[in-house]
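Student: My structure is below; once you've seen it, I'll send some questions.
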Amino acid sequence: MIETADQIFVLLKHWLVGFLPATWQPVAGVVLSVVAIIAFFPALFALTVWIERKGLGRMQNRIGPNRVGPLGILQPVADAIKSLIKEDIVPLSADAAVHFLAPLLLVAAVFMGFAVLPMGRNMTLVNMDAGLLFYFAMGASTELAVFMAGWSSRNKYSLLGAMRAVAQMISYEVPLLMSSVAVVMMTGSLSLTKIVAAQNHYTWGLPHWYIFTPWGFAGFVMYAIATTAETNRSPFDLPEGESELVAGYHTEYSGFKFALFFLGEYLAMFSISGLGATLFLGGWSAPFSFLGWVPSWIWFFSKLMLSICVFIWMRGTLPRLRQDQLMNFAWKFVLPLTLLNLLVAALWRFLGEGWERWVVCSAILLLAYAFMGWEGMRRGHLGPRRYRYAE
Amino acid sequence: MTPLAGYLLVAALLFSIGLAGALTRRNAILVLIGIELMLNAANLNLIAFWRYGPHPEALTGMMFAIFSIAVAAAEAAVGLGLVIQIHRHAHTTDLDQMNRMKG
Amino acid sequence: MSLVFYAIAGLTLAGALAAVLLKNTVHCALALTVAFAGQALLFLELDAQFAGFAQILVYIGAVAVLVVFAILLTRGSETPKDGVYSRNWLAGLVIAAGVFAVLGWAVLGSARALPHETAAPTVTVLQIGNALMSRYVLPLEIVALLLTAALIGAVIVAMHEKEGHK
Amino acid sequence: MLGEGILRGLAETARNFAGSFVSAERLTTVQYPEQRIAPMEATRDFPFLVYDGADWEAGLRCVACQICEKECPPQCIYIEKSKDKKPDFTGKPQFYPARFDIDISVCMSCQICVEVCPFEAIKMDTEFELSTEDRFGGLLLNREKLAKPNEHYHKIHPAEAAEVDARLAGEKDKADAKAKAAAEAAAAKAAANVAAPAGPEAAPGGNAAGNPTAKPVEGESRA
Chain B
1 MIETADQIFV LLKHWLVGFL PATWQPVAGV VLSVVAIIAF FPALFALTVW
51 IERKGLGRMQ NRIGPNRVGP LGILQPVADA IKSLIKEDIV PLSADAAVHF
101 LAPLLLVAAV FMGFAVLPMG RNMTLVNMDA GLLFYFAMGA STELAVFMAG
151 WSSRNKYSLL GAMRAVAQMI SYEVPLLMSS VAVVMMTGSL SLTKIVAAQN
201 HYTWGLPHWY IFTPWGFAGF VMYAIATTAE TNRSPFDLPE GESELVAGYH
251 TEYSGFKFAL FFLGEYLAMF SISGLGATLF LGGWSAPFSF LGWVPSWIWF
301 FSKLMLSICV FIWMRGTLPR LRQDQLMNFA WKFVLPLTLL NLLVAALWRF
351 LGEGWERWVV CSAILLLAYA FMGWEGMRRG HLGPRRYRYA E
Chain C
392 MTPLAGYLLV AALLFSIGLA GALTRRNAIL VLIGIELMLN AANLNLIAFW
442 RYGPHPEALT GMMFAIFSIA VAAAEAAVGL GLVIQIHRHA HTTDLDQMNR
492 MKG
Chain S
495 MSLVFYAIAG LTLAGALAAV LLKNTVHCAL ALTVAFAGQA LLFLELDAQF
545 AGFAQILVYI GAVAVLVVFA ILLTRGSETP KDGVYSRNWL AGLVIAAGVF
595 AVLGWAVLGS ARALPHETAA PTVTVLQIGN ALMSRYVLPL EIVALLLTAA
645 LIGAVIVAMH EKEGHK
Chain H
661 MLGEGILRGL AETARNFAGS FVSAERLTTV QYPEQRIAPM EATRDFPFLV
711 YDGADWEAGL RCVACQICEK ECPPQCIYIE KSKDKKPDFT GKPQFYPARF
761 DIDISVCMSC QICVEVCPFE AIKMDTEFEL STEDRFGGLL LNREKLAKPN
811 EHYHKIHPAE AAEVDARLAG EKDKADAKAK AAAEAAAAKA AANVAAPAGP
861 EAAPGGNAAG NPTAKPVEGE SRA
């Protein structure tokens, strides 16, 4: 019974595929999984939009959408209908072909990333040996889509937004990769399935997730910062700052294409949160050994939604950064710390099983954090903004 | 035609296209693009020979290609940095106009 | 020679041709990306998974974006009035055609000696990592040094000179 | 320590989030079409024309002096002066607007027309639900749509309206007294000469000079 609940989607797929002749079955299985991903994540996107609008409202002491359906739950449906029936405007001077291709490329590249995520026990679409590399290769191609969108619009705001977005994504891709490399070093594999398997065992009922180690915790924090920047979420949402750039690279998009950009942004958030859960939070494994009977996919998606909620919480709290603060933060703070974290992870590996490694690794990371934070605040790279003329 | 010959022909064509681009275009960046294409053609040759060679388990061709990709990234960074510096100095990226050695 | 190979080869060559023929420089850069993607697919077709993904990550994720940045920083997206081809384009074309003729002749001439279909080698990332850290550790270190030098060099070359430093 | 402020901010938003479910006074949102809050006394948006009495056409205070038309910064007022005259509230014959249009799609609610009006004829309304399906014709209000009774003015701005009424009543008394005095003087002369028409016409000029000094005081009392 427990086994069936855990494997329900796998069994369902096998049952459906079983109706076809044997030669077609592998192809049909892949197609079915792809269709499931393409159908499920946009639905999750609709739910997330609702959660975000309600949650942000509550954080600002508002009620949020409450007109369409009970508690406004049908608001995303209304938004979808609105964007579908809107006129699709292409500016006269725009580069029509590139303008058309950019949103498609973005969404396609983002969807590719889901292919290697293990969403549950035996629930990986392609169990690739170099899964993590594939994921980052796909993530890197979204930058080009963003650039295409901004450049083809022939609008200075769009171009500026796209350049900001690309510069920011490149800058934060380095810490993103570096913090993931620490996990790869520990597991000895680029396969996401193996990374989950390496974390899926328990001592005294507690899991061996990487976040519960000093280097894993530091890596997770750095990973979270880098993903926030990578998905252009607040406080790193300069590329689409409405108040400065009138929505940046998708200024000139309307109707369905704009909805595609919006969808792409949220899908990127889902996939990168899923990757974070896989790398640091044990993927689909249960947080306590006695909860092992809960289906694995429930754990994966609850971890994913938890990350999304933290994203929304951050958005409700932090104001937007300035461009120079953003770059300083990436190159002068996050990147050195991730490099140090790599060294600490190696040290952790070679210090053996005792308690010493906890003390040594935590002390190094804490000292480095405190020193760099103090130094950054003293020099004014980081910390609260000082006003020279006001006050 | 064997598969290897097919890959080698594609690589040869790619190399020639890159060479033609590098030799005929005016814009310095497009010349760099041509050089990138030529490097890519070489990589394709390396991988193809690795795949159809007698000892694929030795990984020689593959390693060569991976190192070559890394070096190409460095080459692109330095090359484009030079182009930007030249543009700042001479206000053009047209190679036909860059015919003086004096600054 | 499967249909897939012809399709991917066609895509790669079309992208490469567009990259050297198109008038608008940004279009050239985007066509170059298509060529890179086609090449990555060719690598995958050759069972070189790791190299294929590295190709996408490095070429599409970094080199193409760098090219695009350089084009915008040098205002190259405006098509020049006096043509996009160099004065001695004919010579270049002849040289390229000659090179292709020689290469093609060499390949076709030795086609009979080339090995036929062999079993696909299974290369895991673990093997590549082991090879990098044992047999190829010296080249790896040299590449690391080279990349560091290139990083510093590119920064110095492209850096603005400070005002009043002349 | 770096990151302290971020944690404090996160705690604050978390407190808001949780608090909005617990305490009702945190949520200040008004569910507008169903719930409404009474507008504040100083609320103002678009101008309207005041009339006295029951008949709007006869009771319009406006004398088509066209000062507001000239002063209007976005030029959204259009006035056509009448050919004939009719008596105003003091009984003096005055022109009246044959046409008075305000394009409220252009109007920027600056209240300058109200400030400059010497006759207390144009005032600011509080009506804001002006959406229409015809964005050109529907937002061009003619004098019939603009005319609203003095009672309406009393309802939306009671203190201000009372002040205006008192001043107008004082003017009327003054004008009556003056007319009486003139009549007495005319009777005393008992001359056959017809009284010069220049006498009554001096009154509006006196009004115009008196008003701007009166207004700032009124504004202060409202604030």
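Listed in order, the protein sequences are those of chains B, C, S and H. Count the first sequence with this note's numbering and you get residues 1 to 391, in order. Count the second sequence with this note's numbering and you get residues 392 to 494, in order. Count the third sequence with this note's numbering and you get residues 495 to 660, in order. Count the fourth sequence with this note's numbering and you get residues 661 to 883, in order. Glycine is no exception: its CB is placed at the ideal position from the N, C-alpha and C atoms.
#1: Assign S/Tyr553 to one of two classes, buried (16 or more other C-beta atoms within 10 Å of its C-beta) or exposed (fewer than that).
#2: Taking 8 Å as the CB-CB limit, is H/Pro860 close to chain B?
#3: 8 Å is my cut-off, CB to CB: does C/Gln476 come that close to chain S?
#4: According to the Cβ coordinates, are H/Cys773 and H/Pro734 closer than 8 Å?
#5: Using the Cβ count rule (16 or more neighbours within 10 Å means buried), how would you classify H/Glu861?
#6: Which residues, in chain order, does the segment 553-569 of chain S contribute to contact with chain B at a C-beta distance below 8 Å?
#7: Residues of chain B with CB under 8 Å from H/Arg686, in chain order?
#8: Anything in chain H within Cβ reach of B/Met377, meaning under 7 Å, just list it in chain order.
#9: Is there a C-beta anywhere in chain B that falls below 8 Å from the one on H/Ser791?
#10: Could you round the C-beta distance between S/Phe544 and S/Ile622 to whole angstroms and report it? I think they count as a contact, below 8 Å.
#11: Check whether chain B comes within 8 Å of H/Ile697, counting only Cβ atoms and requiring the distance to be less than that.
#12: So the alpha helix (DSSP H) H/Pro757 belongs to, where does it begin and stop?
#13: Nearest to H/Ala835 by CA position, among H/Pro753, H/Leu801, H/Phe708, H/Asn676, is which residue?
#14: Which stretch, first to last residue, makes up the beta strand (DSSP E) that contains H/Glu738?
#15: Just to check my reading of the structure: C/Gly472 and S/Val562 have Cβ atoms closer than 8 Å, yes? What is that Cβ distance to the nearest angstrom?
#16: Extract the residue ranges of the alpha helix (DSSP H) inside the segment 108-167 of chain B, only unbroken runs of 4 or more that lie entirely within it.
#17: Where does H/Gln754 sit, in a helix, a strand or coil, going by DSSP?
#18: Consider the Cβ of S/Ile502: report whether some Cβ of chain B lies at a distance smaller than 8 Å.
#19: Check whether the Cβ atoms of C/Leu428 and S/Ala513 lie closer than 8 Å to each other.
#20: Ignore the nearest five residues each way along the sequence and tell me which others in S/Ala510's own chain have a CB closer than 7 Å to its CB.
#21: Can you tell me whether B/Met426 is helix, strand or coil according to DSSP?
#22: Can you give the beta carbon distance from S/Ala605 to C/Thr393, rounded, assuming they're within the 8 Å contact cut?
#23: Can you pull the DSSP bridge partners for B/Pro207?
#24: Starting from S/Leu538, follow the beta strand (DSSP E) in both directions and report where the run begins and ends.
#25: Using the C-alpha atoms, what's the distance from H/Thr703 back to H/Asp825?
#26: Taking the DSSP output, what are the residues bridged to B/Asp237?
#27: Measure from the alpha carbon of B/Gly283 to the alpha carbon of each residue in B/Ala94, B/Tyr249, B/Pro76, B/Trp209, then state which is nearest.
#28: Quick one: is B/Ser243 buried, meaning 16 or more other Cβ sit within 10 Å of its Cβ, or exposed?
#29: Looking only at its chain, what residues have a beta carbon closer than 7 Å to the beta carbon of B/Ala94, apart from the 5 residues adjacent to it on each side?
#30: Once the 5 residues before and after B/Ile73 are set aside, which same chain residues still bring their CB inside 7 Å of it?
#31: So, is the C-beta of S/Phe594 closer than 8 Å to a C-beta in chain B?
#32: Check the Cβ-Cβ distances between S/Thr642 and every residue of chain B, and say whether any is below 8 Å.
#33: List, in chain order, every chain S residue whose beta-carbon is nearer than 7 Å to that of C/Met489.
#34: At the level of alpha carbons, what is the spacing between H/Gly859 and H/Gln695?
#35: Of the residues B/Asn341, B/Tyr369, B/Asn328, which one's Cα is nearest the Cα of B/Ala167?
#36: Compute the Euclidean distance between the alpha carbons of H/Thr689 and B/Ser302, then round it to the nearest angstrom.
Tutor: Judging by the given coordinates:
#1: buried
#2: Here the model assigns H/Pro860 a pLDDT of 48, short of 50, so the residue's position is not dependable, and the following value carries that caveat. With 8 Å as the cut-off, H/Pro860 does not count as an interface residue toward chain B.
#3: yes
#4: no
#5: Caution is warranted here: a pLDDT of 48 is assigned to H/Glu861, below 50, making its placement in the model unreliable, and no coordinate value can be reported.
#6: Ile554, Gly555, Ala556, Ala558, Val559, Val562, Phe563, Leu566
#7: Asn61
#8: Leu662
#9: no
#10: 6 Å
#11: no
#12: No alpha helix (DSSP H) holds H/Pro757; the beta strand (DSSP E) holding it covers 757-763.
#13: Comparing Cα-Cα distances from H/Ala835 to each of H/Pro753, H/Leu801, H/Phe708, H/Asn676, the minimum goes to H/Pro753.
#14: Note that residue 738 of chain H corresponds to Tyr in the displayed sequence, not to Glu. Judged by DSSP secondary structure, H/Tyr738 falls within the beta strand (DSSP E) whose first and last residues are 737-741.
#15: That belief does not hold up - the Cβ atoms of C/Gly472 and S/Val562 are roughly 15 Å apart, past 8 Å.
#16: 131-152
#17: strand
#18: no
#19: yes
#20: Ala529
#21: The question about residue 426 of chain B has no answer here: the residues shown for chain B are numbered 1 through 391.
#22: 6 Å
#23: B/Tyr202
#24: Element bounds for S/Leu538: not the beta strand (DSSP E) but the alpha helix (DSSP H), 519-539.
#25: 20 Å
#26: Looking at the DSSP assignment, B/Asp237 forms no beta bridge with any residue, so it has no partner.
#27: B/Trp209
#28: exposed
#29: Excluding sequence neighbours, B/Ala94 sits near Ser152, Ser153, Arg154, Glu252.
#30: Trp50
#31: no
#32: no
#33: Correct list: empty, because the minimum Cβ distance to chain S is about 11 Å.
#34: In this prediction, H/Gly859 scores a pLDDT of 48, lower than 50, which makes its location untrustworthy; the coordinate-derived value is nonetheless stated afterwards. Distance between the alpha carbons of H/Gly859 and H/Gln695: 56 Å.
#35: B/Asn328
#36: Looking at the backbone, the Cα of H/Thr689 and that of B/Ser302 are separated by about 32 Å.
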